[in-house]
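Number of protein chains: 2
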Amino acid sequence: MQLVSADDITAAQRRIGGRVVRTPLLACTHIGDEYGLDLWVKAENLQHTGSFKTRGVLNALLALTERAGRPAGLAAFSAGNHAMAVAYAGQAYALPTVVCMPPHAVPTKIEAVRRYGGEVVLTDDLLGTCEAIAAERGYHLLPPFDDPDVIAGQATIGREILADGPPPGLVLVPVGGGGLISGVAAAVRAAAPTARIVGVEPATANAVGHALRTGGAAPATPPRSMADGLAAPFAGRHTLAHIQALVDDVVEVAEDAIWGAWWELLDATKLLVEPSAAVTYAALRTGLVSAASCTRVVLVLSGGNVSPAALATLR
Amino acid sequence: MQLVSADDITAAQRRIGGRVVRTPLLACTHIGDEYGLDLWVKAENLQHTGSFKTRGVLNALLALTERAGRPAGLAAFSAGNHAMAVAYAGQAYALPTVVCMPPHAVPTKIEAVRRYGGEVVLTDDLLGTCEAIAAERGYHLLPPFDDPDVIAGQATIGREILADGPPPGLVLVPVGGGGLISGVAAAVRAAAPTARIVGVEPATANAVGHALRTGGAAPATPPRSMADGLAAPFAGRHTLAHIQALVDDVVEVAEDAIWGAWWELLDATKLLVEPSAAVTYAALRTGLVSAASCTRVVLVLSGGNVSPAALATLR
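If you want it as structure tokens, here you go:
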């Protein structure tokens, strides 16, 4: 399978530059000093809609428009961040959007989609309902992760990390369906051939790890984690191909390790990040991933969409 | 009384540059669009020790060292952010520090002082105990706000705001003892003579407002606010002089307005800020301070030292 190329990433940068937040890469000396690392965080929680998803969605929409003209509308299925990004993109380009969300989706995320003008359809059959609506209305179904344009959009994060300092020795990326790490790895691997690129997913939402071990199968049990942004039910074909070719390892962290890491990360970075963004620090903190002293380490903080109720669990 | 001059601020920039975080000025389109404002936040929650206090403390210590040589140690009194900044500065320059804190101080802030190597003395008589210890040990007592070097250190925030974009039309600054707004006003007023500079304090912790109305008297009742970083029992002589000369207005927000504004600000900025940092947005949100459409508005987010227990109140 064709992987996202350097030209694809450059094209994505051209398309979405100025339309997305050029998020800062911030030093995290508080934790870095403790572990003897040169630690940095890429603050994608500061991105429009509060997560990296906006990059991939905008690139996919603009690439589609270049190739085939403006779609009649956008359809998507997602429990959260992708839903918000699609609604945001629809609003930005005056396109109608419909988003299929599970009935148990966090109310604040449903509200956010509506605030961006998106129509919300609550359904247990996310993919089926979404495909039916897209076909009926002639809308473009914009996939959450398993799409080369989406991956190329997320890859702009890797380019920015490289532009903001020397090549990192270790990059840690949260993994759900694998779109973020596929993109980041495509960008970083090209410039830093010896960098270790490691994905981290919850042990109870391990679609990518399971697929890597079984040659592509989806886990038998549905994903369930406080890191709800990583609860993809299956990995993608495109994302698996990128991960197999470009990523050194994908590790799985225990649920209680995420919880402990989350507060420490909030307190150390002073960034409001969602639990999904804390899995990478959980992997460092529990020794699941180790880094040699003084290595330049970058944690990609994927998003910041957290509810007051979730924050209250920190008490 | 002599106010902090442009040269004083330039000297402070020279002294502390590279020793403090050059904090970003971040666009806050989420709230800005809602109010029709060009809204920006200065993220001092990302500063070392999690608040702007580190700037003033480092400048005061380095200015003292230039004038009189290295002190034997540092003494300070504070319930929180100033305590942490002094302990941090002591650790950075290998000076012993002792900090007098009230017995009801937040445990996480006491722990943070100790983590930076500071000695903590819990006492109800903050000033008396601190003066006695400083005299006995020959330590320098580093004041929390009423000091020209401290004010000049905080003024570097104003210089950075000016360096990062066109002059603002309105700058909103949280007010406790008044050190932060004195510094910011000294820097901004010089470059933006027509900018409105407005301070905001809790109605139940209004030392500066009370002093402005009474010619310098301290409030009869002790300060008490969820914005605990602003609970100064009295205003300073230096800070009052700066505020009278340079600040357009100091307004007081109700306690419940701070609470409501706090969550919205966290959610909109994705920055972990303490309640004290939300008083400015509370003043905007409740219409206590108004801004003409399209005005460039800067909110100074003073700090991010918040406990899990405080966050749990958001539920």
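Chains as they are written, first to last, in the numbering used here: chain B, 1 to 315; chain E, 1001 to 1315.
We treat Cβ as the ideally placed atom computed from N, Cα and C, and that holds for glycine.
The structure displayed is predicted, hence computed values, not measured ones.
Run through the DSSP bridge pairs and tell me what E/P1202 is partnered with.
BP columns for E/P1202 point to E/V1253.
Ends of the alpha helix (DSSP H) at B/D33?
That run of the alpha helix (DSSP H) goes 29-35.
Applying the criterion that 16 or more other CB atoms from any shown protein chain within 10 Å of the CB defines a buried residue, is E/C1100 buried or exposed?
With 16 or more other Cβ atoms inside 10 Å of its own Cβ, E/C1100 counts as buried.
Quick one: does E/L1265 have its CB under 7 angstroms from some CB of chain B?
Answer no: the Cβ-Cβ gap between E/L1265 and chain B never drops below 7 angstroms.
Tell me whether the beta-carbon of E/V1253 lies closer than 7 angstroms to the beta-carbon of E/A1232.
No, the Cβ-Cβ distance between E/V1253 and E/A1232 is not below 7 angstroms.
Whose CA, out of E/S1290, E/R1296, E/T1280, E/W1262, lies closest to the CA of E/R1315?
Per the Cα distances, E/W1262.
If you check the beta carbons only, do B/T97 and B/L64 fall under 7 angstroms apart?
At a Cβ-Cβ threshold of 7 angstroms, B/T97 and B/L64 do not count as neighbours.
Give me the chain E residues within the contact set of B/G304, using Cβ-Cβ distance strictly less than 8 angstroms, ordered along the chain.
By Cβ distance, chain E contributes K1270.
Taking only beta-carbon atoms, is B/L46 less than 7 angstroms away from chain E?
Yes, contact with chain E.
Between E/A1155 and the rest of its own chain, which residues show a CB-CB distance below 7 angstroms, the 5 nearest in sequence each way excluded?
Excluding five sequence positions before and after E/A1155, the CB atoms of its chain that fall closer than 7 angstroms to its own CB belong to V1004, I1009, A1012, G1183, V1184, A1186, A1187, given in chain order.
Can you tell me the Cα-Cα spacing of B/V250 and B/Y35, whole angstroms?
Just so you know, the alpha carbons of B/V250 and B/Y35 end up roughly 21 angstroms apart.
Coil, strand or helix - B/T97 by DSSP
Three-state result, B/T97: strand.
For E/R1137, the first and last residue of its enclosing alpha helix (DSSP H):
1126-1137 is the span of the alpha helix (DSSP H), which, as asked, contains E/R1137.
Out of curiosity, what's the CA-to-CA distance linking E/G1304 and B/S302?
Here the alpha carbons of B/S302 and E/G1304 stand approximately 20 angstroms from one another.
Throw me the rounded Cβ distance for the B/D146 and B/R237 pair, which I believe falls under 8 angstroms.
About 6 angstroms separates the two Cβ atoms, so the contact holds.
Classify B/T54: buried if its beta carbon has 16 or more other beta carbons within 10 angstroms, exposed otherwise.
With 16 or more other Cβ atoms within 10 Å, it is buried.
I'd like to check one pair, B/M84 with B/A112: are the Cβ atoms closer than 7 angstroms?
Cβ distance < 7 angstroms, so B/A112 and B/M84 count as in contact.
For a quick check, are the C-beta atoms of B/G179 and B/T239 less than 7 angstroms apart?
Less than 7 angstroms divides the Cβ of B/G179 from the Cβ of B/T239.
8 angstroms Cβ shell around E/V1020 - same chain, five flanking residues per side excluded
If we look at E/V1020 and ignore the five residues flanking it on each side, its Cβ neighbours are Q1047, H1048, T1054, R1055, L1058, T1156.
I'd like to know if E/P1174 contacts chain B, where contact means its C-beta is closer than 7 angstroms to some C-beta of that chain.
For E/P1174, the answer is no, since every Cβ of chain B falls outside 7 angstroms of its Cβ.
Residues of the stretch 100-124 of chain B with Cβ closer than 9 angstroms to any Cβ of chain E, in chain order:
Cβ proximity to chain E below 9 angstroms picks out T108 from the stretch 100-124 of chain B.
Return the first residue and the last residue of the alpha helix (DSSP H) that B/D7 is part of.
For B/D7, the enclosing alpha helix (DSSP H) stretches over residues 6-16.
Would you mind telling me which residues of chain B sit closer than 9 angstroms to E/G1080, beta carbon to beta carbon, in chain order?
Counting only Cβ-Cβ distances below 9 angstroms, E/G1080 has no contacts in chain B at all, with the closest Cβ about 14 angstroms away.
How would you call E/D1267, buried or exposed, if buried means at least 16 neighbouring beta carbons within 10 angstroms?
With 16 or more other Cβ atoms within 10 Å, it is buried.
Enclosing beta strand (DSSP E) for E/E1119 [first to last residue]
Membership of E/E1119 in the beta strand (DSSP E) is indicated by the continuous run 1119-1122.
I'd like the span of the alpha helix (DSSP H) that includes E/L1058, first residue to last.
First-last of the alpha helix (DSSP H) with E/L1058: 1053-1068.
Any C-beta of chain B under 7 angstroms from that of E/R1213:
Cβ-Cβ to chain B under 7 angstroms: no for E/R1213.
Please tell me whether B/P222 has its Cβ less than 7 angstroms away from any Cβ of chain E.
With 7 angstroms as the cut-off, B/P222 does not count as an interface residue toward chain E.
Output needed in chain order: residues of the stretch 27-51 of chain B with a Cβ under 9 angstroms from some Cβ in chain E.
With the criterion set as a beta carbon lying under 9 angstroms from some beta carbon of chain E, the members of the stretch 27-51 of chain B are A27, T29, H30, A43, N45, L46, Q47, H48, G50, in sequence order.
The stretch 1275-1293 of chain E contacting the stretch 1187-1202 of chain E, beta-carbon criterion three pairs below 8 angstroms:
These segments touch.
Compare the beta carbon distance of E/H1140 and E/P1193 with 7 angstroms and say whether it is the shorter of the two.
For E/H1140 and E/P1193, no; Cβs fall outside 7 angstroms.
At a CB-CB cut-off below 8 angstroms, which residues of chain B make contact with E/L1314?
Ordered by position in chain B, the residues that pass the 8 angstroms Cβ test against E/L1314 are P308, L311, A312.
Please report the distance separating the alpha-carbon of E/G1177 from that of E/L1127.
Distance between the alpha carbons of E/G1177 and E/L1127 is about 15 angstroms.
From the beta carbon of B/P275, is the nearest beta carbon of chain E less than 7 angstroms away?
No - not a single Cβ of chain E is within 7 angstroms of the one on B/P275.
For E/Y1093 and E/G1018, what's the separation of their Cα atoms in angstroms?
So the alpha carbons of these two residues sit roughly 15 angstroms apart.
What did DSSP end up calling E/P1144 once you bin it into helix, strand or coil?
E/P1144 carries a coil assignment under DSSP once its states are collapsed to helix, strand and coil.
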